[in-house]
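Heads up: the structure comes next, in structure tokens.
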Amino acid sequence: MTDGARAATSPGRTPHEAATHCPYCALQCGMLLSERDGRIEVLPRDFPTNRGGLCQKGWTAAELLDHPERLTTPLLRGPDGRLAPATWAEAYARIVTGIRDTQAAHGRDAVAIFGGGGLTNEKAYALGRFARVALRTRMIDYNGRFCMSSAAAAGMRAFGIDRGLPFPLADLGRADTLLLVGANPAETMPPLARYLTEQRERGGRLIVVDPRVTATARLADLHLQPLPGTDLAVANALLHIALTEGWVDREYVAARTEGFDAVRRIAAGWWPARAERLSGVPVADLEEAARALGTARTAIILTARGAEQHAKGVDTVSAFVNLALALGLPGRPGSGYGCLTGQGNGQGGREHGQKADQLPGYRRIDDPAARAHVAAIWGVHPDELPGPGVSAYELLDMLGTPTGPRTLLVFGSNPVVSAPRAARVERRLRDLDLLVVADFLLSETAALADVVLPTAQWAEEDGTMTNLEGRVLRRRALREPPSGVRTDLRVLADLTTALTPPALPAARSAPAAEVVAGDPSYRFLPSRGPLQPPDAAPDAAADGADPRAVFAELRRASAGGVADYAGVTWERIDAADGVFWPCPDEDGPDTPRLFADRFATPSGRARFHPVEHRPAAEEVCDEYPLYLTTGRVLAQYQSGTQTRRVDALRRAAPEPFVELHPDLAARLGVEEGDELRVASRRGEMRAPARITATIRPDTLFAPFHWGGAGRVNSVTNDALDPVSRMPEFKVCAVRVERVTP
Ligand code: SF4
247 MTDGARAATS PGRTPHEAAT HCPYCALQCG MLLSERDGRI EVLPRDFPTN
297 RGGLCQKGWT AAELLDHPER LTTPLLRGPD GRLAPATWAE AYARIVTGIR
347 DTQAAHGRDA VAIFGGGGLT NEKAYALGRF ARVALRTRMI DYNGRFCMSS
397 AAAAGMRAFG IDRGLPFPLA DLGRADTLLL VGANPAETMP PLARYLTEQR
447 ERGGRLIVVD PRVTATARLA DLHLQPLPGT DLAVANALLH IALTEGWVDR
497 EYVAARTEGF DAVRRIAAGW WPARAERLSG VPVADLEEAA RALGTARTAI
547 ILTARGAEQH AKGVDTVSAF VNLALALGLP GRPGSGYGCL TGQGNGQGGR
597 EHGQKADQLP GYRRIDDPAA RAHVAAIWGV HPDELPGPGV SAYELLDMLG
647 TPTGPRTLLV FGSNPVVSAP RAARVERRLR DLDLLVVADF LLSETAALAD
697 VVLPTAQWAE EDGTMTNLEG RVLRRRALRE PPSGVRTDLR VLADLTTALT
747 PPALPAARSA PAAEVVAGDP SYRFLPSRGP LQPPDAAPDA AADGADPRAV
797 FAELRRASAG GVADYAGVTW ERIDAADGVF WPCPDEDGPD TPRLFADRFA
847 TPSGRARFHP VEHRPAAEEV CDEYPLYLTT GRVLAQYQSG TQTRRVDALR
897 RAAPEPFVEL HPDLAARLGV EEGDELRVAS RRGEMRAPAR ITATIRPDTL
947 FAPFHWGGAG RVNSVTNDAL DPVSRMPEFK VCAVRVERVT P
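Just so we're aligned, residue 247 is where the sequence shown starts under the working numbering, counting upward by one.
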């Protein structure tokens with residue numbers, strides 16, 4: 247058995263099957279993995295969210311398990327500047343020495359952690375604990391900051407809780423009116439599109455707000471196509487019309503909310519013609535959308551990255567939340583506001599401590615009561631826990647600078663491709679004294695690392711994920727990791743052991759000069775054993791690498807928090823197709839629907855927030871006369887580390903491209919397939935032209951799944967939202983030209 251070994255928890259039909267979930271997006275489609283003669287097949291599985299459906303990414307997910315580029319041994323950068331195979335002992339020694347040297351010379355915060363929204367709940371939790379207890383650094387954040395942070399912040403300030411959908415996905419199919427803002431699920435989550443079809447077949451109205459005519463917009467009854475960065479004005483105008491027409495639910499506003507007057511005053515100034523001038527959305531379309539929402543028996547408003555990835559993303563989401571509250575939607579059966587989360591564990595990944603300002607259970611790290619609760623679980627004094635760190639981009643932008651971290655450990659992320667202003671981030675990574683990347687493929691970020699740790703894939707590990715509905719799911723292993731590969735939890739446990747100072751003579755359970763678990767060749771440090779309260783006996787969580795034990799600890803740490811998992815057990819998930827948090831009691835109910843009686847604010851009322859439109863951080867000018875917006879394509883996922891290596895997906899979406907309108911193409915003398923150079927104040931990218939009338943004539947679109955010359959994040963803006971610290975991926979000013987051969 248390898249050191250990534252697991253308890254057998256695969257309830258497939260035979261020992262060679264595992265009922266699990268897709269490794270990619272937040273829909274977390276249920277699937278069955280079946281192994282025959284060493285070949286793994288993905289089979290459909292009826293699960294409440296995807297009902298047997300999978301997209302092409304899900305169907306092909308197993309292809310990477312035995313991929314020839316799979317990493318199966320640690321890599322160390324040698325004196326010749328090349329990465330070369332090494333033993334785990336050598337890799338750990340380099341990491342531990344680097345961490346110690348860095349912290350001795352520059353302080354604890356000189357070592358940083360960068361996590362990911364695809365990590366299981368157990369890993370996200372363990373990563374936060376590792377940073378705060380083993381490293382005692384405040385410098386930890388994760389790439390979810392680039393995805394959902396604006397909706398999370400807006401949800402917290404309005405409802406006192408941040409759960410992507412406060413109702414099960416199936417409610418979408420029953421809404422009389424469904425408004426999708428900056429969401430393209432027909433391409434990013436195809437199985438979800440069946441709910442849109444269902445909704446329309448029942449006579450419902452689907453309205454899409456998007457600067458592009460996306461696959462989802464083509465399904466819609468009404469498509470509003472605003473200029474990038476003007477969604478907030480559209481929302482305020484919709485509220486203006488609702489007020490004028492008497493569609494505001496005054497009884498609901500009076501009984502269940504607070505702060506409406508300030509919002510009403512702002513909305514009064516957003517007469518539709520003003521919003522049309524700014525956004526380009528015709529008054530008639532605004533009126534039709536407002537009527538569809540305001541007169542519907544049930545209505546749901548959903549936002550996604552298109553509305554959220556802006557330097558005013560929190561305010562934009564708040565504007566749509568204000569609209570939903572004014573119409574009396576949240577908490578009403580069949581109605582509400584929600585956010586479509588993006589990454590696989592985008593929801594759970596932001597609940598359990600890998601965010602700079604957070605402790606497990608969605609607790610704030612600056613809350614003394616939260617610190618005391620979590621410190622007791624971790625066996626440390628509350629004063630030993632570091633305070634809040636900085637957000638993801640700010641952390642990346644500090645790397646290698648005189649005041650920033652000098653050692654970085656990356657788990658489940660590829661910021662060289664996914665961060666804004668990526669060329670600068672790449673330079674920062676190169677300036678580090680030590681970069682460690684744990685991954686199962688050599689991503690663009692891993693290729694820069696001093697140490698690369700080969701880690702297990704989704705079908706080789708147990709754990710839990712929390713999908714876009716707040717439903718906690720079981721990831722179940724089909725088989726063990728290949729020889730030489732370790733799980734992230736194993737790596738964190740090993741490093742914790744290696745970094746832990748020797749025990750005092752009086753301490754119990756402190757064997758001297760321990761062997762690092764799972765690697766008999768490695769003797770690095772004496773250990774004081776597991777992270778336990780000094781007077782607690784070691785238990786099953788002792789090793790720190792067993793996901794079931796880590797989850798048990800996570801449950802205790804989250805108990806009483808906003809995201810309370812105390813009553814969630816793996817057995818309960820198995821028995822019930824998942825468990826919706828909050829679920830504080832093992833014998834009590836879970837919470838598929840929130841807000842029926844009260845909101846999670848101190849007063850129990852939802853809070854309106856007055857928000858005004860403001861321009862994008864960077865507007866067009868003579869030198870940069872076009873807008874650029876970014877997004878995804880059906881056959882690729884996030885930074886593409888995985889999906890670019892899957893044959894069928896590579897064939898379907900082989901390379902980056904730049905979409906431009908035929909009128910613009912004609913003006914520039916550009917033909918289909920011509921190589922384009924797109925430049926902003928921060929950098930440039932090159933990719934072939936794709937001419938399409940689905941984009942506005944004043945806007946370019948490029949997907950963000952590729953590195954190298956086609957990396958659109960070389961161009962994007964690193965302006966940050968003042969609340970969520972979300973970068974402005976969705977709009978910046980650029981110029982474009984044809985590259986002459
Ligand atoms: S990528 Fe998303 S939509 Fe596609 S199969 Fe996986 S979970 Fe489902």
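C-beta atoms are modelled at their ideal positions from N, C-alpha and C, and glycine is treated no differently.
**Request:** Would you kindly check if the distance between the Cβ of Y608 and the Cβ of G807 is under 7 Å?
**Result:** Residue mapping note: residue 807 aligns to position 561 of the sequence shown, counting from 1. Residue mapping note: residue 608 aligns to position 362 of the sequence shown, counting from 1. Yes, the pair counts as a contact, with Cβ atoms nearer than the cut-off.
**Prompt:** Can the beta-carbon of P242 be found less than 7 Å from the beta-carbon of C275?
**Reply:** Residue 242 lies beyond the residue range present for the chain, which begins at 247 and ends at 987; the question has no answer from this structure.
**Message:** I need the boundaries of the alpha helix (DSSP H) containing A513, first residue and last residue.
**Reply:** Counting from 1 along the sequence shown, the entry for residue 513 is found at position 267. Residues 506–514.
**Asked** Cα-Cα, which of N430, A466, T460 is closest to E447?
**Response** The sequence position of residue 447 within the sequence shown is 201, counting from 1. The option with the nearest alpha carbon to E447 is A466.
**Prompt:** How many angstroms separate the CA atom of G646 from the CA atom of R670?
**Reply:** Residue 646 sits at position 400 when you count from the first residue of the sequence shown. Residue 670 sits at position 424 when you count from the first residue of the sequence shown. Cα to Cα, the separation comes out at about 12 Å.
**Request:** Please confirm whether T947 and E983 have their CB atoms less than 7 Å apart.
**Result:** Sequence index remark: in the sequence shown, residue 947 carries index 701 (1-based). Sequence index remark: in the sequence shown, residue 983 carries index 737 (1-based). Note that residue 947 is Phe in the sequence shown here, rather than Thr. No. Outside cutoff.
**Simplified DSSP assignment, three categories, for T503** = Counted from its first residue, the sequence shown places residue 503 at position 257. In the structure shown, T503 sits in a strand (DSSP, three-state: E or B).
**Residue span of the beta strand (DSSP E) that contains R282, given as start and end** = What you label residue 282 is simply residue 36 of the sequence shown in a count that begins at 1. 276–282 is the span of the beta strand (DSSP E), which, as asked, contains R282.
**Prompt:** Could you give the C-beta distance for E918 and A935, rounded to a whole number, given that I count them as a contact under 8 Å?
**Reply:** Taking the sequence shown and counting its residues from 1, the one referred to as residue 918 is at position 672. Taking the sequence shown and counting its residues from 1, the one referred to as residue 935 is at position 689. Indeed, because the Cβ distance is near 6 Å, the residues count as touching under 8 Å.
**Prompt:** How would you call D408, buried or exposed, if buried means at least 16 neighbouring beta carbons within 10 angstroms?
**Reply:** Sequence index remark: in the sequence shown, residue 408 carries index 162 (1-based). The residue in question, D408, is buried, as its Cβ has 16 or more Cβ neighbours within 10 Å.
**Item:** Neighbourhood of the ligand SF4 [Cβ distance below 6 Å to any heavy atom], ordered by chain position
**Value:** The set of residues with CB atoms less than 6 Å from any heavy atom of the ligand SF4 reads, in chain order, C268, Y270, C271, L273, Q274, C275, N296, L300, C301, K303, G304, M435, P436, P437.
**Prompt:** Which ranges would you report for the alpha helix (DSSP H) in the region 793–867 if only whole runs of at least 4 residues count?
**Reply:** Listed in chain order, the complete alpha helix (DSSP H) runs (minimum 4 residues) inside the region 793–867 are 793–804, 816–822.
**Item:** Through-space distance from D944 to A898, alpha-carbon basis
**Value:** As a working mapping, residue 898 is identified with position 652 in the sequence shown. As a working mapping, residue 944 is identified with position 698 in the sequence shown. Going by the C-alpha atoms only, they are around 28 Å apart.
**Contacts around L605, its chain only, beta-carbon distance under 6 Å, and the 5 residues preceding and following it disregarded** = If you number the sequence shown from 1, residue 605 lands on position 359. Its chain contains G599, I611, A616, V620 as the residues whose beta carbon lies nearer than 6 Å to that of L605, once the 5 sequence neighbours on both sides are disregarded; these appear in chain order.
**Message:** By DSSP's criteria, N963 is part of a beta bridge. Which residues make up the other side?
**Reply:** As a position in the sequence shown, residue 963 is number 717, starting the count at 1. DSSP, once it has assigned bridges, lists E974 as partnering N963.
**Asked** Can you name the start and end residues of the beta strand (DSSP E) that Y338 belongs to?
**Response** Residue mapping note: residue 338 aligns to position 92 of the sequence shown, counting from 1. Segment 334–352 is the alpha helix (DSSP H) holding Y338; no beta strand (DSSP E) there.
**Prompt:** With C-beta atoms as the reference, is P666 less than 7 Å away from N482?
**Reply:** For this step, residue 666 is matched to residue 420 along the sequence shown. For this step, residue 482 is matched to residue 236 along the sequence shown. The answer is no: Cβ separation not under 7 Å.
**Message:** Determine whether the beta carbon atoms of Q445 and F975 lie at a separation below 7 Å.
**Reply:** Indexing the sequence shown from 1 puts residue 445 at position 199. Indexing the sequence shown from 1 puts residue 975 at position 729. Judged by their CB atoms, Q445 and F975 are not nearer to each other than the 7 Å cut-off.
**Item:** Buried versus exposed call for G228 [16 or more other C-beta atoms within 10 Å across all chains shown]
**Value:** Missing from the structure shown is residue 228; the chain here goes from 247 to 987 and no further.
**Prompt:** Does DSSP put L631 in a helix, in a strand, or in coil?
**Reply:** In the sequence shown, the residue the question calls residue 631 occupies position 385. In this structure, L631 counts as coil in the three-state DSSP scheme.
**Message:** Quick check: what's the CA-CA separation for N430 versus G401?
**Reply:** Taking the sequence shown and counting its residues from 1, one reaches residue 430 at position 184. Taking the sequence shown and counting its residues from 1, one reaches residue 401 at position 155. Looking at the two C-alpha atoms, the distance is approximately 21 Å.
**Item:** Integer-rounded CB distance, given that T544 should sit under 8 Å from R451
**Value:** For the purposes of this step, residue 451 is identified with residue 205 of the sequence shown, where counting begins at 1. For the purposes of this step, residue 544 is identified with residue 298 of the sequence shown, where counting begins at 1. Contact check for R451 and T544: beta-carbon distance about 11 Å, past the 8 Å limit, so the pair fails to qualify.
**Asked** Where does E640 fall in DSSP's three states?
**Response** Position 394 of the sequence shown holds residue 640. Reduced to three states, the DSSP call for E640 is helix.
**Prompt:** Taking the alpha-carbon positions, what's the A782 to D831 distance?
**Reply:** For the purposes of this step, residue 782 is taken as residue 536 along the sequence shown, with counting starting at 1. For the purposes of this step, residue 831 is taken as residue 585 along the sequence shown, with counting starting at 1. Residue confidence for A782 is low, a pLDDT of 37 falling below 50, so the modelled location carries little weight and cannot support an answer.
**Item:** CA-to-CA distance, G574 to G361, given in whole angstroms
**Value:** Locating residue 361 in the sequence shown gives position 115, where the first residue counts as 1. Locating residue 574 in the sequence shown gives position 328, where the first residue counts as 1. Rounded to whole angstroms, the gap between the alpha carbons of G361 and G574 is 37 Å.
**Prompt:** Any idea if E497 is buried or exposed, counting beta-carbon neighbours within 10 angstroms, 16 or more meaning buried?
**Reply:** Looking up residue 497 in the sequence shown gives position 251. Under this definition E497 is an exposed residue.
**Item:** Continuous alpha helix (DSSP H) stretch holding H486: start and end
**Value:** Working through the sequence shown from its first residue, we reach residue 486 at position 240. Unbroken alpha helix (DSSP H) run through H486: 477–491.
**Message:** Considering only the alpha carbon of each residue, which of M644, F686, L655 lies closest to R674?
**Reply:** Your numbering for residue 674 matches position 428 in the sequence shown. Ranked by Cα distance from R674, the options M644, F686, L655 are led by M644.
**Buried versus exposed call for R502 [16 or more other C-beta atoms within 10 Å across all chains shown]** = As a position in the sequence shown, residue 502 is number 256, starting the count at 1. A buried status is given to R502, since no fewer than 16 other beta-carbon atoms sit within 10 Å of its beta-carbon.
**For R285, the first and last residue of its enclosing beta strand (DSSP E)** = Within the sequence shown, numbered from 1, the residue matching residue 285 stands at position 39. Start and end: 285–290.
**Request:** Measure the C-alpha to C-alpha separation of H951 and R725 and round it to an integer number of angstroms.
**Result:** To locate residue 951, count along the sequence shown from 1; it is residue 705. To locate residue 725, count along the sequence shown from 1; it is residue 479. Using only the alpha carbons, I get a separation of about 29 Å.
**Request:** Enumerate in chain order the residues of its own chain whose CB-to-CB distance from L273 is below 7 Å, with the five nearest sequence positions on each side excluded.
**Result:** Counted from its first residue, the sequence shown places residue 273 at position 27. The answer, listed in chain order, is T295, N296, M435, P437, L438, N713, L714.
**As assigned by DSSP and simplified to three states, the class of P772** = As a first step, residue 772 is located in the sequence shown; it is residue number 526 there, counting from the start. Note that P772 scores a pLDDT of 30, beneath 50, so its modelled location is shaky; the value from the coordinates is reported in the next line. Assignment of P772 by DSSP, reduced to helix, strand and coil, places it in the coil class.
**Request:** Taking the CB atoms as reference points, tell me whether I386 and I345 lie closer together than 7 Å.
**Result:** Reading the sequence shown from its first residue, position 140 is the one you call residue 386. Reading the sequence shown from its first residue, position 99 is the one you call residue 345. Not in contact: I386 and I345 (Cβ atoms no closer than 7 Å).
**Asked** Candidates E869, A508, W516, A479: which alpha carbon is nearest K558's?
**Response** As a first step, residue 558 must be located in the sequence shown, where it is residue number 312. Ranking the options by Cα distance to K558, first place goes to A479.
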